[in-house]
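Q: A single structure is presented below for examination.
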Amino acid sequence: MALTKKQTQVLREFCLAYGASGYEKEISNLFKKYLVQYGYEIVYDHLGSIYGRKRCHQDHPLKVMVCAHSDEVALKVTNINEQGLIQFQETSIWSQILMGQRVTLINQNHEKFKGAICATPPHLLSAELKNQPVATKNMVADFGFLNRQDALNHHIRLGDVIIVDGSFEVLNENRILAKALDNRVGCALCVELLKTMSQIDLPYDLYIGLNVQEEVGLRGATTAAQMIRPDFAIVVDCSPANDLTSSKELGQLGKGLLVRVIDGNMIAFPQLIDYQRNLCKKYQIPYQYYLSNGGTDAGQIHRTYHGVLTLTSCICARNIHSNSSIMDSNDYQANLKFLKLVLKQFDEKLYQKWIKEGR
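Note that my numbering has the sequence shown beginning at 7, numbered continuously upward.
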């Protein structure tokens, strides 16, 4: 099922916004707009993660945390040479996609400068070097500055952020091409949940929000979970597809949400996996099993305090950590349907059932 016009609009605005790790304010402000629109109480942690809180006004209610991460992979300025060219280091981005890319530099005054990544042209390289990947340390970004002083005069400093630009394209009715689908897909899904859950009386306190700095170590999830102290958490994320050469590998576009059994920092709760799978079967929601060497914010949230029942609800996309990620809208719709059902079903009885099954 294709995204609606409104769904496409929301996903587009999140994908095209800039939000590197540690500099997520543009994304947070977008999300804040929807928190205000749907009447949520706004809460922040001190790293910058933003949440909307909907209270049930019961004594000692359970707390449910639904989150995505707001940051995207990016580059950081490490040096400005005499020619005014910018050297950088990557934070989680795949360096092999960088050569020739158009980029945007954002300084501390939030001014934006367009440029491109370049290196020594092949005409000037030896035959041996032509056949080797260009190391990030040998790349520079050119923003048109005439020299080092010119760059400094434009308030360029070490630590400034560089984002690899990418357009937002609807490839056909079901496929979307964009930068930062990891994890602006999750941001858009959280916006949808804000709208749906604002109209429903719940038997628990609900927190829906965006964590900062996931790509550099799940940092926002750590502080947000300590602030909220949830009893149950759902992490919405976008994982790498593995379907370029085979339909048998795990992580296929268009095959549904991911039942993430194990990854680099969490072994899934068996009772939650059973619930996820059974709910998908009952309501005919397409799903697929998934394993990963990477991780999500669930890796930190599930070990907060005495432990938090935590479920991942992800989709996959091709070419994540690049500016040309591709997703399937059927997976988005499947995940949205699942998330709405979980939040409508969750209550004290279900929670106690899960606790008992884990002992």
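In this text, a Cβ means the ideal position worked out from N, Cα and C, and glycines have one as well.
Report yes if the CB atom of Gly25 is closer than 7 Å to the CB atom of Glu32, and no otherwise.
A: yes
Q: Alpha carbon to alpha carbon, what distance is there between Asn248 and Asn299?
A: 13 Å
Q: In the structure shown, what three-state DSSP assignment does Leu177 receive?
A: coil
Q: Would Asp51 and Thr229 qualify as a contact pair, given that the criterion is a beta-carbon distance under 7 Å?
A: Contact flag set, yes.
Q: If the criterion is Cβ atoms closer than 7 Å, does the pair Glu221 and Ser34 meet it?
A: no
Q: Over the uninterrupted beta strand (DSSP E) stretch that includes Tyr57, give me the two end residues.
A: Ile56 to Lys60
Q: Could you tell me which residues DSSP pairs with Glu78 in its beta bridges?
A: Beta-bridge pairing links Glu78 to Ala26.
Q: Can you tell me whether Ser76 is buried or exposed, with buried defined as 16 or more other CB within 10 angstroms of its CB?
A: buried
Q: For Ser228, does the three-state DSSP call read helix, strand or coil?
A: The sequence shown places Thr at residue 228, rather than the Ser named in the question. In the structure shown, Thr228 sits in a helix (DSSP, three-state: H, G or I).
Q: Throw me the rounded Cβ distance for the Ala340 and Pro292 pair, which I believe falls under 8 Å.
A: 5 Å
Q: Comparing C-alpha positions only, which one of Cys21, Asn336 and Phe174 sits nearest to Gly262?
A: Closest by C-alpha distance to Gly262, out of Cys21, Asn336 and Phe174, is Asn336.
Q: Kindly give me the distance between the Cβ atoms of Gly121 and Phe149, rounded to whole angstroms, as I take these residues to be in contact under 8 Å.
A: 4 Å
Q: Under the three-state reduction of DSSP, which class applies to Tyr338: helix, strand or coil?
A: helix
Q: Just to confirm, are Leu224 and Gln306 a CB contact at a threshold of 7 Å?
A: yes
Q: In whole angstroms, what separates the C-alpha of Lys118 from that of Arg163?
A: 13 Å
Q: Look up Phe2 in the DSSP assignment and say whether it is helix, strand or coil.
A: Look at the range of the chain in this structure, 7 to 365, and you will see that residue 2 is not part of it.
Q: Among the candidates Cys322, Thr202 and Thr316, whose CA atom is the shortest distance from the CA of Leu297?
A: Cys322
Q: Roughly how many angstroms separate the alpha carbons of Tyr40 and Pro127, rounded to a whole number?
A: 46 Å
Q: Can you tell me where the beta strand (DSSP E) with Asp376 in it begins and where it stops?
A: This structure cannot speak to residue 376, because the chain is shown only from 7 to 365.
Q: Secondary structure at Val242, three-state DSSP: helix, strand or coil?
A: coil
Q: Just to confirm my understanding: we take Glu179, look at its own chain, exclude 5 residues before and 5 after, and list those with CB closer than 7 Å. What are they?
A: Leaving aside the five residues that flank Glu179 on each side, the residues in its chain whose CB is nearer than 7 Å to its CB run, in chain order, Ala8.
Q: Restricting to Cα atoms, I'd like to know which of Arg59, Val72 and Ser253 is closest to Leu342.
A: Val72
Q: Under 8 Å: do the segment 303-317 and the segment 256-272 share three or more Cβ pairs, one atom per stretch?
A: Three or more beta-carbon pairs drawn from the segment 303-317 and the segment 256-272 are found closer than 8 Å, and the two stretches are therefore classed as touching.
Q: Could you say which of Lys355, Ile182, Val167 and Lys11 lies nearest to Lys82 if we only look at CA atoms?
A: The candidate whose alpha carbon is nearest that of Lys82 is Val167.
Q: What is the C-beta distance between Gly215 and Ile56, in whole angstroms, given that I count them as a contact (C-beta under 8 Å)?
A: Sure, about 5 Å apart at Cβ, within 8 Å.
Q: By how many angstroms is the C-alpha of Asp171 removed from the C-alpha of Gln102?
A: 15 Å
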